[in-house]
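**Student:**
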Amino acid sequence: MRDFPSLRLLLPLLLSLTSAAALAGPYETDIPILQITDFGAFVSARSDVPSHVSFHVRDGRPEYFAEVDCVFVTNETYPLIYLGGYWPCEGDTGIGFWLGEAFLKIRRPFLQDHCDVARKSYAVGLASQDTFWSSLGTVGECKNTSLSLLGASYSRPENWDFPINQIIA
Numbered sequence: 065m066r067d068f069p070s071l072r073l074l075l076p077l078l079l080s081l082t083s084a085a086a087l088a089g090p091y092e093t094d095i096p097i098l099q100i101t102d103f104g105a106f107v108s109a110r111s112d113v114p115s116h117v118s119f120h121v122r123d124g125r126p127e128y129f130a131e132v133d134c135v136f137v138t139n140e141t142y143p144l145i146y147l148g149g150y151w152p153c154e155g156d157t158g159i160g161f162w163l164g165e166a167f168l169k170i171r172r173p174f175l176q177d178h179c180d181v182a183r184k185s186y187a188v189g190l191a192s193q194d195t196f197w198s199s200l201g202t203v204g205e206c207k208n209t210s211l212s213l214l215g216a217s218y219s220r221p222e223n224w225d226f227p228i229n230q231i232i233a
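Take the position in the sequence shown, starting the count at 1, then add 64; the result is the number in this note's numbering.
#1: What is the residue span of the beta strand (DSSP E) that residue 196 lies within?
#2: Should the region 98-106 be regarded as contacting the region 205-217, the criterion being three or more beta carbon pairs within less than 8 Å?
#3: Could you tell me which residues DSSP pairs with residue 209 in its beta bridges?
#4: Can you give the Cα-Cα distance for residue 148 and residue 126, rounded to whole angstroms?
#5: In the DSSP assignment, find the beta strand (DSSP E) that holds residue 131 and state where it starts and stops.
#6: Measuring only between beta-carbons, confirm whether residue 104 sits less than 8 Å from chain D.
#7: Give the single residue among 165, 154, 197 and 123 whose Cα lies nearest to the Cα of residue 95.
#8: When you compare the CB positions of residue 159 and residue 121, do they come within less than 8 Å of one another, or not?
#9: In this structure, does DSSP put residue 126 in helix, strand or coil?
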């Protein structure tokens, strides 16, 4: 049988690293929450009346503070507000949104060193919520959809929290 001296040296090191990792425990941090306010959308039933969506996004953390309005109005190139991917919000924050028929997703980039913008070393946080649109006014359920001959209006008058549930670096 062959002797492996390097394996005898490596085994205790691996055991000590695994026991140290087990003692360290998980790293906990607060989940960043993006707050959406003043959400409104209109899906037109007529081709001569444009559809639109608008809302305000706020990241209130002092070290990553950002506020931006997100607005999209349909046109000949983009005839639907339900886009197939992220659309940029106003300003230079890099925040974007993706509205689907049953969801709203927010994309929020974070510079690792906000003082060194030229580095462009950042992570992207993603947050998503189902919309739960309802035109019913039943007890205990919010009515947030109005239907008319022109189309459907959707609103969220209360604050809408979007916890970042995925980070890509």
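Note that CB positions come from ideal geometry on N, CA and C, so glycine has one too. Remember, predicted model here, so these are calculated numbers, not experimental data.
**Tutor:** So, from the data block:
#1: Here residue 196 belongs to no beta strand (DSSP E), and DSSP marks it neither H nor E.
#2: Because the criterion of three Cβ pairs below 8 Å is met, the region 98-106 and the region 205-217 touch.
#3: 218
#4: 32 Å
#5: Run containing residue 131: 130-137, per the beta strand (DSSP E) assignment.
#6: This model lacks chain D altogether; it includes just one protein chain.
#7: 123
#8: yes
#9: The three-state secondary structure of residue 126, taken from DSSP, is helix.
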